[in-house]
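Residue numbers (this note's numbering), protein chains in the order written: chain A, 525 to 738; chain B, 525 to 738. Working notes for the structure below.
There are 2 protein chains.
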Amino acid sequence: MLDPDDLTTRARIRNAAIELIGTHGFQRTSLRMIAKAAGVSPALIVHHFGDKDGLRAACNTHVVAMFTEDGADEALTIELIQSALNDLDAYGPALNYLAQLLADDSAAADEVFDGILSGTLRTIREQEAAGIIHPQSDPAGSALLLTLFGLAPLVLGRQFARALGAEKLTPAVTVRITIPMLELFTHGFYANDSILRAAQSAMEQMERQSGESL
Amino acid sequence: MLDPDDLTTRARIRNAAIELIGTHGFQRTSLRMIAKAAGVSPALIVHHFGDKDGLRAACNTHVVAMFTEDGADEALTIELIQSALNDLDAYGPALNYLAQLLADDSAAADEVFDGILSGTLRTIREQEAAGIIHPQSDPAGSALLLTLFGLAPLVLGRQFARALGAEKLTPAVTVRITIPMLELFTHGFYANDSILRAAQSAMEQMERQSGESL
DNA sequence: TATTAGATTAAACAAGCGTTCAGTATCTGT
DNA sequence: ACAGATACTGAACGCTTGTTTAATCTAATA
């Protein structure tokens, strides 16, 4: 999916933009900063991308393509993001950029999120059918939950790393959290199902009441 | 914790700032926007808060105080945030502001996050001792995981709401996710512990190797 | 070699930013 | 009523922003 002739000035500008925007955010990154990092003039960026939003669009497209380039799958999934976390030399800037994109409310963020969400729902349905995971009472709700949980370490990456004494996201950081996460996903968290049952009956009662009130 | 005489011009400016910054982010919100919303001149904001960062500091303090004002506890916890989600009329702007604060890397964000994290760790230890939750092999790791997961719906609030067909975070949205979350926290996700056991043995092997290599 | 199109730049532009300043109104205590 | 502080404003300042313009350099084409 990557452009074959991809060491052009255009590509250098775009990569500098991805790195800087991933670090400081779109709003805080000026065209002059990007120009200096790419070793060009600000005017050349406009010449190549039209305006700053055109540059952002090109960065969005390229970052999403980076994650899906060598896989048969076209969709960006939580799994692809998780595996990218283990190759930060190659995917570090792209992951930072993705985090900024998702935190920054925009139509592009919506599109990326929806793609990940539908991929997660598909995975849930497959693993449910294969008996790998328990049957879910609300697969769409579970998919949303897993998507939010999967993206949380990315969007809150700085806090995630800092809490474990690291400067930034590293493989060591993600390893540390693996066992607690698998414990939660295997045995759950609560020692019994009293809270779940209470919530379920409360929910039924709510539905009954809203049914009566109609 | 709230100022008794709190309908002053100063408070109006601060509330307008919380609302606007919560919606558009700190960087995208100008003093002139805040001034117009509060019905004052930009210069008056400077007069009351020194500069834009002084205003931000006042907003940070006030938002954190809002969540903890009527509780005996001084710390901002996930539980307080969850309950605030059920009273959006009162806490909506504060929640939005908190989300922007956490997504925006800053020393203030670090402080808030650390507070929530230590509160979560304390809760885990209590509930572990009370037998409400399973023993955790890595309580600090579990606390970090729960904090990230608890804040994810807030920081990704727009996506969270949008995925459920809502314009913004509403109680209906949080209700929808409750059952899947309690299912996960009660029964886990995986049908058996093969993945957990594989990860645990892989982890032991890594530790053995790193021990040998020393 | 002359022409033309694209790459690239320096310089300037208008607009918006946070902030300052000088001055006016408004309140407070004597 | 007076004095001093505080609340508040309009206008301007210096700076940065994204963008434009005109010119130059480069490379390919005819």
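Using N, Cα and C, we set each Cβ at its ideal position, and we do this for glycine too.
The shortest C-alpha to C-alpha distance from A696/A to any of A685/A, L706/A, N620/A is the one to A685/A. The Cβ atoms of A618/A and V570/A do not sit closer than 9 Å to each other. Contact annotation: in the stretch 694-708 of chain A, residues whose CB is within less than 9 Å of a CB in chain B are V699, R700, I701, T702, I703, P704, M705, L706, E707, L708. By DSSP's assignment, Y714/A forms a beta bridge with I657/B. For the set D629/A, I602/A, M590/A, A723/A, the Cα lying nearest the Cα of L678/B is the one of D629/A. Neighbourhood of L720/B in chain A, by CB distance below 7 Å: L706, E707, T710, in chain order. The alpha helix (DSSP H) runs lying completely inside the stretch 529-596 of chain B and spanning 4 residues or more are 533-548, 555-562, 566-573, 576-592, given in chain order. In the same chain as K576/B, and ignoring 5 residues on each side of it, the C-beta atoms closer than 7 Å to its own belong to L555, in chain order.
Put simply, the CB of L680/B is near chain A, with a gap under 9 Å to one of its CB atoms.
Look at the beta carbons and you see the stretch 624-641 of chain B not touching the stretch 687-694 of chain B: under three pairs across the two are nearer than 8 Å.
Here L645/B is near A667/B, since their CB atoms are less than 9 Å apart. G578/B counts as exposed, since fewer than 16 other C-beta atoms from the protein chains shown sit within 10 angstroms of its C-beta. In the three-state DSSP reduction, G689/A falls in the coil class, being neither helix nor strand. At a cut-off of 9 Å between C-beta atoms, R556/A does not count as an interface residue with respect to chain B. At a cut-off of 9 Å between beta carbons, F673/B contacts chain A. The count of Cβ pairs closer than 8 Å, one atom from the stretch 599-615 of chain A and one from the stretch 657-667 of chain B, stays below three, leaving the stretches out of contact.
Annotation note: the stretch 592-639 of chain B contains the following uninterrupted alpha helix (DSSP H) runs of length 4 or greater, listed N- to C-terminal: 602-608, 612-627.
In the three-state reduction of the DSSP assignment, T647/A falls in the helix class. Close to D634/A, with beta-carbon spacing below 9 Å, are these residues of chain B in chain order: R682, Q683, R686.
Using a CB distance cut-off of 9 Å, A676/A counts as an interface residue toward chain B. Excluding the 5 residues flanking it on each side, F637/A has no same chain C-beta neighbour closer than 6 Å.
Among the residues of the stretch 636-667 of chain A, those with a Cβ less than 8 Å away from any Cβ of chain B are F637, D638, L641, G655, I656, I657, H658, Q660, S661, D662, G665, S666, in the order of the chain.
Taking the Cβ atoms as the reference, L670/A lies roughly 20 Å from I719/A, outside the contact range of under 8 Å.
The three-state reading of DSSP puts T671/B in helix, counting H, G and I together.
Interface residue (Cβ-Cβ distance to chain A less than 9 Å): Y714/B is classified as such. Proximity of Q724/B to chain A, defined by a Cβ-Cβ separation below 9 Å, is satisfied.
Proximity of chain B to D717/A at the Cβ level (cut-off 9 Å) is accounted for by L706, T710, H711, in chain order. Put simply, the backbone Cα of A654/B is about 52 Å away from that of A581/A.
The C-alpha of Q733/A is placed about 45 Å away from the C-alpha of Q551/B. When C-beta atoms of the stretch 709-717 of chain B are compared with those of the stretch 700-711 of chain A, three or more pairs fall below 8 Å, so the two segments count as touching.
Taking the Cα positions, Q651/A is about 11 Å away from P663/A.
Within the model, the alpha-carbon separation for T547/B versus G639/B is close to 24 Å.
Taking 9 Å as the threshold, the shortest C-beta distance from R552/B to chain A falls below it.
Cα atoms of T647/A and E593/A: separation of roughly 20 Å, rounded to the nearest angstrom.
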